[in-house]
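Single-structure report; data block below.
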Amino acid sequence: MTSSSGAWNGAWSAALDELELDVAMVEAMLADEHRHAETPPASLWKPPTDLGALPLELKPRADEILTRQLKAAQEIARRLTANRQQIAVTTRIETGEAVKRPLYVDRAM
Numbered sequence: 053m054t055s056s057s058g059a060w061n062g063a064w065s066a067a068l069d070e071l072e073l074d075v076a077m078v079e080a081m082l083a084d085e086h087r088h089a090e091t092p093p094a095s096l097w098k099p100p101t102d103l104g105a106l107p108l109e110l111k112p113r114a115d116e117i118l119t120r121q122l123k124a125a126q127e128i129a130r131r132l133t134a135n136r137q138q139i140a141v142t143t144r145i146e147t148g149e150a151v152k153r154p155l156y157v158d159r160a161m
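Under the working numbering, the very last position in the sequence shown is 161; numbers go up by exactly one each time.
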């Protein structure tokens, strides 16, 4: 392996490390529902533009990261749907604040 090939692999490994940290943070946030309030918004990962093609020996790692990203995205979508359903149900719950109803009926009259 030449030094330029080693540098190329190293640059791609660093890029995958950064991407993997992003997905690990999302997975941790999904695992701990209370943590999201304390976690600052993530900066968007931008693919490196100067690296060229992904080295073949890093493809299995990149595929595994992609699988984890897709799984995390599905879980986020599932939770968003559940939140929308919960909001729809709670908006239909009558709290008694909007409509004042008598608490008792006076039958003495």
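Backbone N, C-alpha and C fix where the C-beta goes; we use that ideal spot for every residue, glycine too.
Can you give me the C-alpha to C-alpha distance between residue i and residue j, rounded to a whole angstrom?
{"i": "LEU96", "j": "TYR156", "result": "58 angstroms"}
{"i": "THR143", "j": "TRP60", "result": "55 angstroms"}
{"i": "ILE128", "j": "ALA66", "result": "26 angstroms"}
{"i": "ARG130", "j": "SER55", "result": "46 angstroms"}
{"i": "LYS98", "j": "GLY62", "result": "17 angstroms"}
{"i": "ASN135", "j": "GLU79", "result": "18 angstroms"}
Can the beta-carbon of residue i be found closer than 8 angstroms to that of residue j?
{"i": "PRO112", "j": "TRP64", "result": "no"}
{"i": "LEU68", "j": "ALA114", "result": "yes"}
{"i": "ILE139", "j": "VAL75", "result": "no"}
Taking only three categories from DSSP, how would you classify residue i?
{"i": "ALA80", "result": "helix"}
{"i": "ASP74", "result": "helix"}
{"i": "GLY62", "result": "helix"}
{"i": "VAL141", "result": "helix"}
{"i": "SER95", "result": "coil"}
{"i": "ARG159", "result": "coil"}
I'd like to know if residue i contacts chain C, where contact means its C-beta is closer than 8 angstroms to some C-beta of that chain.
{"i": "MET77", "result": "The displayed structure is made up of one protein chain only, and chain C is not part of it."}
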